[in-house]
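>
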Amino acid sequence: MGDVLNFTCACTENYGIITCDIIPSVSARAGGKEGCPMRYQEWRVAAPSRAAREELEQAGVPPLLAAVLSARGIRTREEAQALLAPGETPLEDPMGLRDMDRAVRRIRRALETGETVAVYGDYDVDGITSTCLLTDCLSRLGGRVLPYIPDRLEEGYGLNSEAVSALAAQGVTLIVTVDCGITAGAETAFAASLGVDVVVTDHHECKESLPPACAVVDPRRTDCPYPFKGLAGVGVALKLAMAVAGAERAERVFLKYADLAAVGTVADVMPMTGENRTIVQTGLAALAHPRRLGFAQLIQEAGLGDRPLTSVSVGYTLAPRINAAGRMGKAGLAAELLLTRDPDRAAELARELCELNRERQAVEGEIFQDSVRRLEETPQEGVILLADGGWHQGVVGIVASRLAEKYGCPAFMVCLDQGVGKGSCRSWGGINLFQLLARCGDLLEGFGGHALAAGFTVREENIPLLSRRLREGLERALGAGASPAALEADAEVEARELTVEAVADLDRLEPCGTGNPRPVLVLRGALIQSMSQVGRGRHLKLRLESKGTPLDAIFFSADGAELGLAPGGRVDVAFYPQINEFRGTRSVQLQVADLHPAPTRAQAERAVYEKYRRGEGLTPAEARLLMPSRAEFVGLWRYLQHRCAGLGRVEDTASRIARGASRATGQREAAERVLLCLEVLAERGLIDLETGPQGVAVSLRQVERKVDLEASPILGRLRQAIRGGSAEA
60 MGDVLNFTCA
70 CTENYGIITC
80 DIIPSVSARA
90 GGKEGCPMRY
100 QEWRVAAPSR
110 AAREELEQAG
120 VPPLLAAVLS
130 ARGIRTREEA
140 QALLAPGETP
150 LEDPMGLRDM
160 DRAVRRIRRA
170 LETGETVAVY
180 GDYDVDGITS
190 TCLLTDCLSR
200 LGGRVLPYIP
210 DRLEEGYGLN
220 SEAVSALAAQ
230 GVTLIVTVDC
240 GITAGAETAF
250 AASLGVDVVV
260 TDHHECKESL
270 PPACAVVDPR
280 RTDCPYPFKG
290 LAGVGVALKL
300 AMAVAGAERA
310 ERVFLKYADL
320 AAVGTVADVM
330 PMTGENRTIV
340 QTGLAALAHP
350 RRLGFAQLIQ
360 EAGLGDRPLT
370 SVSVGYTLAP
380 RINAAGRMGK
390 AGLAAELLLT
400 RDPDRAAELA
410 RELCELNRER
420 QAVEGEIFQD
430 SVRRLEETPQ
440 EGVILLADGG
450 WHQGVVGIVA
460 SRLAEKYGCP
470 AFMVCLDQGV
480 GKGSCRSWGG
490 INLFQLLARC
500 GDLLEGFGGH
510 ALAAGFTVRE
520 ENIPLLSRRL
530 REGLERALGA
540 GASPAALEAD
550 AEVEARELTV
560 EAVADLDRLE
570 PCGTGNPRPV
580 LVLRGALIQS
590 MSQVGRGRHL
600 KLRLESKGTP
610 LDAIFFSADG
620 AELGLAPGGR
630 VDVAFYPQIN
640 EFRGTRSVQL
650 QVADLHPAPT
660 RAQAERAVYE
670 KYRRGEGLTP
680 AEARLLMPSR
690 AEFVGLWRYL
700 QHRCAGLGRV
710 EDTASRIARG
720 ASRATGQREA
730 AERVLLCLEV
740 LAERGLIDLE
750 TGPQGVAVSL
760 RQVERKVDLE
770 ASPILGRLRQ
780 AIRGGSAEA
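No gaps in the numbering here: position 431 of the sequence shown is 490 in our numbering, and each next residue is one more.
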């Protein structure tokens, strides 16, 4: 290379094919269908911190778990211990909830005087577990208690006047709502007119005015000083039970009912932070050896008897079976299951709930396919809103969830009946549905719920305008050009890292949920060996291979043909790692969150170089992809010396210069890395470089001294990014 260029090469050699975050348009060009549907428009892989990961590993944290923790900002042994240690978050004092003192006084008076108390709940898992928890607790404290869960199909959500009248006729003088009631102003006033007091306990968003109740206990009240706002309805019910029992018995009450509270909290997708972690950890531990007959029989009937229970198994297996009862208009069966003390009746009810769940799946599948067909015929942008008079009201909420996931946008499903529609909606990409519905309040007969899931009532003639207003509200919420669909991933991994032991270590993050999500990992460039539709065609099963390591994957609610996939193709996969147990054998399985055709190496290099030129930070994998090897510098320098020998100047495209340099070394040289090499040579004063839309012009400089490329700031920034920092141009 001559005496002027000194390159001792602490730079990395060629690392092989390592791809990067590619924008969807590039992914679609990489071999899939044009416009290939993806659930997420963007993948955001957390920038790793090598220093934090190494410190955690030195503290005894397994490597894959350390990678996830460091991606989430955990830096020290103490921080890791605070997150991973079970039951470490202390419980807040129930009396810190606004109006809890008033609620306790009124309920204790009812217990002391022998009043008949109705516990009025909701028909979802949170409402059913809340109803059972408070009914059982107040009964054991000597109360005369009637549980009441409205019929989803006949009565709808929340407190209603007909039910209040019926309860009053049975001698009820106090109604305690659980997981509902915060918007029931008129119904609460009607109860008072009948001589029935109401204590409201809820956790849903509050409107401007509260119901005129004896007490309104809701951590989301704007004037409530309670520090943790993320309790489920069953969490509030648990706090009420502990407060009514008194400080001396509160811990026993907590331990007795933590199983119910855990299931309701997980099912309602509450944040898995703060005291919810202690509630769910304690409840899951209790469910490992269930003392409640209903749970014991349901766990056995659902096939979970020989497996450790996690938030995932509760959310995907137990909760749907309890929820099915409410969705199919038979919530009372689920409540009876959780309250019964008869083993035979518990076994019978558990079987019935599993059968109801299968029936629910069939009905849901029909509505989902009908919705997909309609959306294919008449696509909707930004927000999905569909209405029909023949749909089963109990399952449209879960269909909305599937549509939101399939199309990557909020979904609203409306069941019509005599000119009035009852709707359920599910969010996507962090869109706050409660706020979105509030902006359309003048078009609605009523609404309520959470940021992520809500219900509403709308007159049929208002639906077209509601659809338009929802889209306008979404555009305002997102801002011009913003994307509602971004997948947050913890780390990129190699297939060899996904051992059974390493994936099992991730269970130490349990319980997972909002605020502490299940780990999402990314595997790049995996080869599809085989694929098939399973679960009556609803799901996609894949056999993948990456660098000699085979992996099984399952992509729920996905169709390989729609995604443009075929055996022999390569894909980038974002997934939840999990352990699959089959006939006594444990193996790693990828539960796919999203995938798309993998870009070619040339596309990846081009995208990374463009990102580098824009001055954006690079991940370690991206920096390695751009980092030139010593051989590339040598080949390029010799090629330039040869070309400039006669003309003194080279004018050409980067691609042709790369091909010429490749012939000099016998190795493939990428145009993007050649451009970066030229920038380094120009930076170190070895060449004059001009770039333009047609190519580059290079002239060699006469340099007498040795030039150390190792001192290049450009290469220094790439090395920093490879070590876990970020490289900016």
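Don't be surprised by glycine CBs; every beta carbon is placed ideally from N, CA and C. Only a predicted model underlies this, so the values are computations on that prediction, with no experimental measurement involved.
Assuming Ile587 is part of the beta strand (DSSP E), what are its boundary residues?
The count along the sequence shown starts at 1 and reaches residue 587 at position 528. Leu580 to Val593 is the extent of the beta strand (DSSP E) around Ile587.
> What do you get for Tyr207, buried or exposed, if any count of 16 or more other CB atoms within 10 angstroms of its CB means buried?
Taking the first residue of the sequence shown as position 1, residue 207 is located at position 148. So Tyr207 counts as buried.
> At what residues does the beta strand (DSSP E) containing Tyr179 begin and finish?
One-based indexing of the sequence shown puts residue 179 at position 120. Start and end: Thr175 to Tyr179.
> Helix, strand or coil: how does DSSP classify Arg485 here?
For the purposes of this step, residue 485 is identified with residue 426 of the sequence shown, where counting begins at 1. If DSSP states are grouped into helix, strand and coil, Arg485 belongs with the strands.
> Tell me the residue span of the alpha helix (DSSP H) that contains Leu143.
Within the sequence shown, numbered from 1, the residue matching residue 143 stands at position 84. Residues Arg136 to Leu143.
> Alpha carbon to alpha carbon, how far is Leu624 from His348? Give it in angstroms, no decimals.
Counting from 1 along the sequence shown, the entry for residue 348 is found at position 289. Counting from 1 along the sequence shown, the entry for residue 624 is found at position 565. Each residue's Cα considered, the two are about 44 Å apart.
> Closest to Lys600 by CA distance: which of Asp447, Pro609, Ala125 and Phe614 is it?
Locating residue 600 in the sequence shown gives position 541, counting from the first residue. Closest option to Lys600, Cα to Cα, is Phe614.
> Answer yes if the region 149–156 comes into contact with the region 169–177, meaning at least three C-beta pairs across the two stretches below 8 Å, and no otherwise.
no
> Over what stretch of residues does the beta strand (DSSP E) that includes Arg103 continue unbroken?
Within the sequence shown, numbered from 1, the residue matching residue 103 stands at position 44. Looking at the DSSP string, the run of the beta strand (DSSP E) that includes Arg103 is Glu101 to Val104.
> At what residues does the beta strand (DSSP E) containing Val452 begin and finish?
Walking along the sequence shown from the start, residue 452 turns up at place 393. It should be noted that the sequence gives Gln, not Val, for residue 452. Boundaries cannot be given for Gln452, as no beta strand (DSSP E) includes it and DSSP labels it neither H nor E.
> When the Cα atoms are used, what is the spatial distance from Ala789 to Arg583?
The requested residue 789 does not occur in the structure, where the chain is confined to residues 60 to 788.
> Using C-beta distances below 7 Å, list every residue in its chain close to Asn416, excluding the 5 sequence neighbours before and after it, in chain order.
Counting from one through the sequence shown, the residue named residue 416 turns up at place 357. These residues qualify, in order along the chain: Pro379, Arg380 and Ala383.
> Between the region 685–694 and the region 731–749, do three or more beta carbon pairs fall short of 8 Å?
Output reads yes: the region 731–749 touches the region 685–694.
> Answer with buried or exposed for Lys288, where buried requires no fewer than 16 other C-beta atoms within 10 angstroms of its C-beta.
Here the question's residue 288 lines up with position 229 in the sequence shown. Lys288 should be labelled exposed.
> State the CB to CB distance for the pair Gly467 and Leu533, rounded to an integer number of angstroms; the pair is presumed to be in contact (CB under 8 Å).
For the purposes of this step, residue 467 is taken as residue 408 along the sequence shown, with counting starting at 1. For the purposes of this step, residue 533 is taken as residue 474 along the sequence shown, with counting starting at 1. That pair is no contact at about 12 Å.
> Along the alpha helix (DSSP H) that carries Asp327, what are the first and last residues, could you check?
Within the sequence shown, the letter at position 268 stands for residue 327. Neither: Asp327 is in no alpha helix (DSSP H) and is coded neither H nor E.
> His701: buried (16+ other C-beta within 10 angstroms of its C-beta) or exposed?
Taking the sequence shown and counting its residues from 1, one reaches residue 701 at position 642. With fewer than 16 other Cβ atoms within 10 Å, it is exposed.
> Return yes when the Cβ of Asp181 is within less than 9 Å of the Cβ of Thr194, no when it is not.
Within the sequence shown, numbered from 1, the residue matching residue 194 stands at position 135. Within the sequence shown, numbered from 1, the residue matching residue 181 stands at position 122. For Thr194 and Asp181, no; Cβs fall outside 9 Å.
> Quick one: Cα of Val275 to Cα of Asp158, how far?
Along the sequence shown, one-based indexing puts residue 275 at 216. Along the sequence shown, one-based indexing puts residue 158 at 99. Going by the C-alpha atoms only, they are around 6 Å apart.
> Taking the alpha-carbon positions, what's the Ser486 to Asp549 distance?
Position 427 of the sequence shown, counting from 1, holds the residue named residue 486. Position 490 of the sequence shown, counting from 1, holds the residue named residue 549. So the alpha carbons of these two residues sit roughly 22 Å apart.
> Under a three-way DSSP split, which group does Thr558 fall into?
On the sequence shown, position 499 is the one that residue 558 refers to. If DSSP states are grouped into helix, strand and coil, Thr558 belongs with coil.
> Where does Leu123 fall in DSSP's three states?
Mapped onto the sequence shown, residue 123 falls at position 64. The answer is helix: DSSP assigns Leu123 an H, G or I state.
> Nearest to Lys389 by alpha carbon, out of Asp183, Thr558 and Glu560?
Within the sequence shown, numbered from 1, the residue matching residue 389 stands at position 330. For Lys389, the nearest C-alpha among the options comes from Asp183.
> Give the range of the alpha helix (DSSP H) segment to which Lys670 is assigned.
Numbered from 1 along the sequence shown, position 611 holds the residue referred to as residue 670. For Lys670, the enclosing alpha helix (DSSP H) begins and ends at Arg660 to Arg672.
> Excluding the 5 residues flanking Tyr668 on each side, which residues of the same chain have their C-beta closer than 6 Å to its C-beta?
Indexing the sequence shown from 1 puts residue 668 at position 609. Sequence-distant Cβ neighbours of Tyr668 in its own chain, meaning closer than 6 Å and more than five residues away, are Glu731.
> Quick one: grab the DSSP three-state call for Thr712.
Locating residue 712 in the sequence shown gives position 653, where the first residue counts as 1. Looking at Thr712 - three-state DSSP - the assignment turns out to be coil, as it is neither helix nor strand.
> Give me whichever residues DSSP pairs with Gly353 in a beta bridge.
As a working note, residue 353 is residue 294 in the sequence shown. Answer is none; Gly353 lacks a bridge partner.
> Helix, strand or coil, according to DSSP, for Ser268 in the structure here?
One-based indexing of the sequence shown puts residue 268 at position 209. DSSP, reduced to helix, strand and coil, places Ser268 outside both helices and strands of the structure shown, so it counts as coil.
> So what's Ala274 in DSSP terms, helix, strand or just coil?
One-based indexing of the sequence shown puts residue 274 at position 215. Here Ala274 sits in strand by DSSP.
> What residue does the alpha helix (DSSP H) around Phe802 start on, and which one ends it?
Nothing about residue 802 can be reported from this structure: the residues present for the chain run from 60 to 788 only.
> Helix, strand or coil, according to DSSP, for Asp183 in the structure here?
Within the sequence shown, numbered from 1, the residue matching residue 183 stands at position 124. The three-state reading of DSSP puts Asp183 in coil, since its state is none of H, G, I, E or B.
> Between Cys736, Gly707, Leu706 and Arg708, which lies nearest to Ala720 when the distance is taken from Cα to Cα?
As a position in the sequence shown, residue 720 is number 661, starting the count at 1. Here the closest residue by C-alpha is Cys736.
> Could you give the DSSP three-state label for Lys600: helix, strand or coil?
As a working mapping, residue 600 is identified with position 541 in the sequence shown. Strand, per DSSP.
> Only counting the same chain, and skipping five residues up and downstream in sequence, which positions put a Cβ closer than 7 Å to that of Thr807?
For the chain, the structure presents residues 60 to 788; residue 807 sits outside this window and is missing.
> Considering only the beta carbon of each residue, do Val293 and Ala320 sit closer than 9 Å?
Taking the first residue of the sequence shown as 1, we reach residue 293 at position 234. Taking the first residue of the sequence shown as 1, we reach residue 320 at position 261. Result yes, Cβ atoms of Val293 and Ala320 sit closer than 9 Å.
> Name the two residues that bound the continuous alpha helix (DSSP H) containing Ala296.
What you label residue 296 is simply residue 237 of the sequence shown in a count that begins at 1. Gly292 to Ala304 is the span of the alpha helix (DSSP H), which, as asked, contains Ala296.
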